[in-house]
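Numbering follows the working numbering, in which position 217 of the sequence shown is assigned residue number 211; successive positions increment by one, without gaps. To start, the structure under review is shown below, and the notes come after it.
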Amino acid sequence: RSAWDRKVGQNSGAMTTTNGAPADQPVRVAVFSSKSYDTESFTAAAKAHPGRFEFSFLEHPLNDQTAHFAHGFPVVCIFVNDALSATALTDLHARGLKIVALRCAGFNNVDVPAAARLGLHVVRVPAYSPYAVAEHAAALMLMLNRKLHRAYNRTRDDNFSIEGLMGFDVHGCTVAVIGTGKIGACFAKIMRGFGANLLGYDVYKNDALVQETGLRYVENLNDILSQADIVSLHCPLLPSTHHLINQDT
């Protein structure tokens, strides 16, 4: 169920929201680390649902030093550079905080055990569009291969020389996909469209991806790196993946 779902109050019998406010009052949300695109999208959402949300936009990040700006707000909406420690959560909980809403998939910047002890709801974006991330990765790969960033700067100065801008065909190359989850699988399919040979490395095998693309899993990381012309990383940051690419590899 959505964190915004309404529920019946046990004591008064009145309709309330999960943030503790009366159902006929808008939910007050403090949006930290906000940019112009956040303001535009959230304001549009508020207009689409009149009377449900009241957003306050703050450009600075939320942390121990800035937590006082969220006093009195039942909901805070944060991003990747915000940090909600046990100290900040305890302070905000005492000042009426009920929900921490992350507009990102990761939640390592929130002390989730502390939030649970305080009875706070923590919600997040379950997943971004895997196609958007995979396509962006493919675009970055092509930019590096074909030196498009350098070519762009040259042409702005009316320099159309291709000296030093030579790339190579992705077709026929071996592409190693490290992490074959949703994003990695999308990237592998894109590379298959280029005519590349695919190798995969993951603790969990994606059998459907193997059937669709012909990807071949390699058990040893060093083996897959030694065989690959292109390596694309699509794995989460975990102790086991920290510095996955290093001097030795």
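C-beta: ideal position from N, C-alpha, C; glycine also. It should be emphasised that the depicted structure is a prediction, and the values quoted were computed from it without experimental measurement.
Legend entry - Option nearest residue 73 by Cα separation, candidates 26, 188, 216, 239: Sequence index remark: in the sequence shown, residue 73 carries index 79 (1-based). Nearest of 26, 188, 216, 239 to residue 73, Cα basis: 26.
Inset, instruction - Return the CA-CA distance between residue 195 and residue 211, expressed in angstroms with no decimal places. - result: By one-based count along the sequence shown, residue 195 stands at place 201. By one-based count along the sequence shown, residue 211 stands at place 217. Near 6 Å, if we compare the C-alpha coordinates of residue 211 and residue 195.
Legend entry - Per-residue DSSP class, three states only, for residue 191: One-based indexing of the sequence shown puts residue 191 at position 197. The answer is strand: DSSP assigns residue 191 an E or B state.
Inset, instruction - Report yes if the CB atom of residue 22 is closer than 8 Å to the CB atom of residue 69, and no otherwise. - result: Numbered from 1 along the sequence shown, position 28 holds the residue referred to as residue 22. Numbered from 1 along the sequence shown, position 75 holds the residue referred to as residue 69. In contact: residue 22 and residue 69 (Cβ atoms closer than 8 Å).
Legend entry - CB of residue 192 within 8 Å of CB of residue 164, strictly: Along the sequence shown, read from residue 1 onward, the residue named residue 192 stands at position 198. Along the sequence shown, read from residue 1 onward, the residue named residue 164 stands at position 170. The answer is no: Cβ separation not under 8 Å.
Inset, instruction - Identify whether residue 30 lies in helix, strand or coil by the three-state DSSP scheme. - result: By one-based count along the sequence shown, residue 30 stands at place 36. In the structure shown, residue 30 adopts helical secondary structure according to DSSP, grouped into three states.
Legend entry - Inter-residue Cα distance where the pair is residue 239 and residue 32: On the sequence shown, residue 239 is found 245 positions in, with the first residue counted as 1. On the sequence shown, residue 32 is found 38 positions in, with the first residue counted as 1. Going by the C-alpha atoms only, they are around 34 Å apart.
Legend entry - Local Cβ density within 10 Å of residue 58, reported as buried at 16 or more and exposed below that: Reading the sequence shown from its first residue, position 64 is the one you call residue 58. Under this definition residue 58 is an exposed residue.
Inset, instruction - Can you grab the Cα-Cα spacing for the pair residue -1 / residue 204, in whole Å? - result: For this step, residue -1 is matched to residue 5 along the sequence shown. For this step, residue 204 is matched to residue 210 along the sequence shown. Because residue -1 sits at a pLDDT of 43, beneath the cut-off of 50, its placement in the model cannot be relied upon, and the point is left open.
Inset, instruction - Could you tell me the distance, in whole angstroms, from the CA atom of residue 220 to the CA atom of residue 243? - result: Walking along the sequence shown from the start, residue 220 turns up at place 226. Walking along the sequence shown from the start, residue 243 turns up at place 249. In a straight line, the C-alpha of residue 220 is about 9 Å away from that of residue 243.
Legend entry - Selected residue, minimal CA-CA separation from residue 223, among 75, 183, 152, 166: Walking along the sequence shown from the start, residue 223 turns up at place 229. Comparing Cα-Cα distances from residue 223 to each of 75, 183, 152, 166, the minimum goes to 166.
Inset, instruction - To the nearest angstrom, report how far apart residue 8 and residue 20 are at their CA atoms. - result: Along the sequence shown, read from residue 1 onward, the residue named residue 8 stands at position 14. Along the sequence shown, read from residue 1 onward, the residue named residue 20 stands at position 26. Low per-residue confidence applies at residue 8: pLDDT is 39, beneath 50, and the placement is therefore not dependable, though the value from the model is reported in the following sentence. When only Cα atoms are considered, residue 8 and residue 20 end up about 16 Å apart.
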